[in-house]
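S.K.: Sharing a structure below in structure tokens format, with a few things to ask.
Residue numbers (the working numbering): 28 to 175.
Structure (structure tokens):
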């Protein structure tokens, strides 16, 4: 009977160790993905702010070529990463709205001879949608970290 007890204790101990390793690895992966998502959300917010600032610099300070120097590829790459890393519909919807607002502002600005009132409206819309994206990012990351 003693051999069976030892064998049973060994099997139970190994099972506990394996379950523990699995739970630790799962928690580490969750934290890693959350960190990656946070970085990409921050990059999208930063590039959106940079775009908005560049439009303002051209519009108000008459600095030429600022908008054309914006790093669209970094913005698009970060957006793609968010879409891959997250299924959070509020975040993805906010990202889509931010991109639409940026596209509308960019289209209006590139036309030349811009209507100042319309440009101000589009600029303000982009600013507001960017704030909504930041709030949605924050919520998505918090939910991701607190889910079991």
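The beta carbon of each residue, even a glycine, is placed where N, CA and C say it ideally should be.
How should residue 171 be labelled, buried or exposed, when 16 other C-beta atoms within 10 angstroms of its C-beta is the threshold for buried?
M.R.: For this step, residue 171 is matched to residue 144 along the chain shown. Burial of residue 171 is indicated by the presence of at least 16 other C-beta atoms within 10 angstroms of its C-beta.
S.K.: If you compare alpha carbons, which of 83, 160, 52, 142 is closest to residue 115?
M.R.: If you number the chain shown from 1, residue 115 lands on position 88. Checked all of 83, 160, 52, 142; the closest Cα to residue 115 is 160.
S.K.: For residue 109, count neighbouring Cβ atoms within 10 angstroms of its own Cβ and tell me buried if that reaches 16, exposed if not.
M.R.: As a position in the chain shown, residue 109 is number 82, starting the count at 1. Buried, by the Cβ-count rule.
S.K.: I'd like the list of long-range same chain contacts for residue 124, defined as Cβ closer than 8 Å, with 5 residues on each side in sequence excluded.
M.R.: Indexing the chain shown from 1 puts residue 124 at position 97. Result list for residue 124: 156, 159, 160, in chain order.
S.K.: Pull up the distance between the alpha-carbon of residue 73 and that of residue 37, whole angstroms please.
M.R.: Position 46 of the chain shown, counted from the start, is the residue given in the question as residue 73. Position 10 of the chain shown, counted from the start, is the residue given in the question as residue 37. Their backbone Cα atoms lie some 54 Å apart in a straight line.
S.K.: If you draw a straight line from the alpha carbon of residue 132 to that of residue 153, how long is it in whole angstroms?
M.R.: Walking along the chain shown from the start, residue 132 turns up at place 105. Walking along the chain shown from the start, residue 153 turns up at place 126. Residue 132 and residue 153: Cα-Cα distance of roughly 7 Å.
S.K.: Please name the residue, chosen from 146, 164, 167, that lies closest to residue 19 on a Cα-to-Cα basis.
M.R.: Residue coverage of the chain in this structure runs from 28 to 175, which leaves residue 19 outside it and unanswerable.
S.K.: In chain order, which continuous runs of the alpha helix (DSSP H) of length 4 or greater are located wholly inside the segment 84-146?
M.R.: For the segment 84-146, whole alpha helix (DSSP H) runs of length 4 or above, ordered along the chain, are 99-112, 116-137.
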